[in-house]
Amino acid sequence: MSIICITTFLEDMDHEFNHIKEQVKLKGFKVDGTAGIKPFCSLCELKSVDYFYENTEKNTFLFYEFSNLPDQHMSLTRISDGLKGSDDGSVTKKELVNIRKKIRAEIQHELVKKFNDTSLINANMRSKITNIPVTFDVKPTYVVVVPPIDPSILGNKTGDIIKFLDHLKSTLRSSIPKEICARVNIQDVRALF
């Protein structure tokens, strides 16, 4: 395998939220996807974020993950509401609470795994990629970017989603050691326009 320059993976960030027309105004190094760093380095079995980003003004390194967490939360709510509404009484309230907790824990676990595996990709790509910015040696900030939380669309579920995201941010912070992660942010995609 040949060695290539990291700028080969530099592209306009794509948020992949199909219902949002605006584009992100940042360029990042594509990690995931068929043309990303991960497959180039033969690390496809690992999970990863979407982009590496170097903020040269602040001398920081960021992992960007675009994720439709509000939709995932709404799906969870629909599933649990369906179980709650079953006429046969086969699911108790306590079981329903446990099911919700397990699904939320799975979302959290997935995001933690993406951070950890992306850290491995960052550490292991150096033998195959050149001109890696010095900031890639700095503790990264993990940024999970979500679509706007629109009360006109979400209605009375808006508060639940905000609480879910706040709780998720808190659990991610406590699940990823501060020795390997500078900060965790959950950010509205509009901040990147």
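If you count by this note's numbering, then the sequence shown holds residues 175 to 367, one letter each, in order. Ideal Cβ placement from N, Cα and C applies to all residues, glycine included. Every value quoted in this text rests on a predicted model; they were computed, and no experiment measured them.
Hey, residue i and residue j: beta-carbon distance below 8 Å or not?
| i | j | result |
| --- | --- | --- |
| Ile-180 | Thr-345 | no |
| His-342 | Ile-277 | The residue asked about is misnamed: residue 342 is Leu in this sequence, not His. No. Outside cutoff. |
| Pro-321 | Val-363 | yes |
| Leu-257 | Ile-273 | yes |
| Lys-288 | Val-358 | no |
| Ile-211 | Met-299 | yes |
| Cys-355 | Lys-302 | no |
| Ile-350 | Pro-244 | no |
Could you check how far apart the C-beta atoms of residue i and residue j are, in whole angstroms? I think they sit under 8 Å.
| i | j | result |
| --- | --- | --- |
| Leu-236 | Thr-315 | 5 Å |
| Thr-309 | Asn-233 | 6 Å |
| Ile-317 | Gln-246 | According to the sequence shown, residue 317 is Val rather than Ile. So it is not a contact: roughly 17 Å between Cβ atoms. |
| Val-319 | Glu-239 | 7 Å |
| Lys-201 | Leu-184 | 6 Å |
| Lys-331 | Met-248 | 7 Å |
Does residue i come out as helix, strand or coil in the three-state DSSP assignment?
| i | result |
| --- | --- |
| Glu-228 | strand |
| Glu-185 | strand |
| Lys-287 | helix |
| Phe-214 | helix |
| Ile-277 | helix |
| Leu-236 | strand |
| Lys-268 | helix |
| Gly-202 | strand |
| Ile-360 | strand |
| Ile-295 | helix |
| Ile-178 | strand |
| Ile-220 | The sequence as given places Leu at residue 220; Ile does not occur at that position. DSSP places Leu-220 in coil when its eight states are reduced to three. |
| Ser-241 | coil |
Would you please verify whether the beta carbon of residue i is less than 8 Å from any beta carbon of chain B?
| i | result |
| --- | --- |
| Asn-290 | Judged by its chain identifiers, the structure shown contains no chain B, having just a single protein chain. |
Is residue i near the ligand ADP, judged by its Cβ being under 7 Å from some heavy atom?
| i | result |
| --- | --- |
| Met-299 | The ligand ADP is absent from the structure shown, which contains no ligands of any kind. |
Worksheet entry | alpha helix (DSSP H) runs wholly inside the stretch 297-346, at least 4 long, in chain order | 325-328
Worksheet item: Touch check for the stretch 205-218 and the stretch 289-296: three-plus C-beta pairs under 8 Å?
Response: yes
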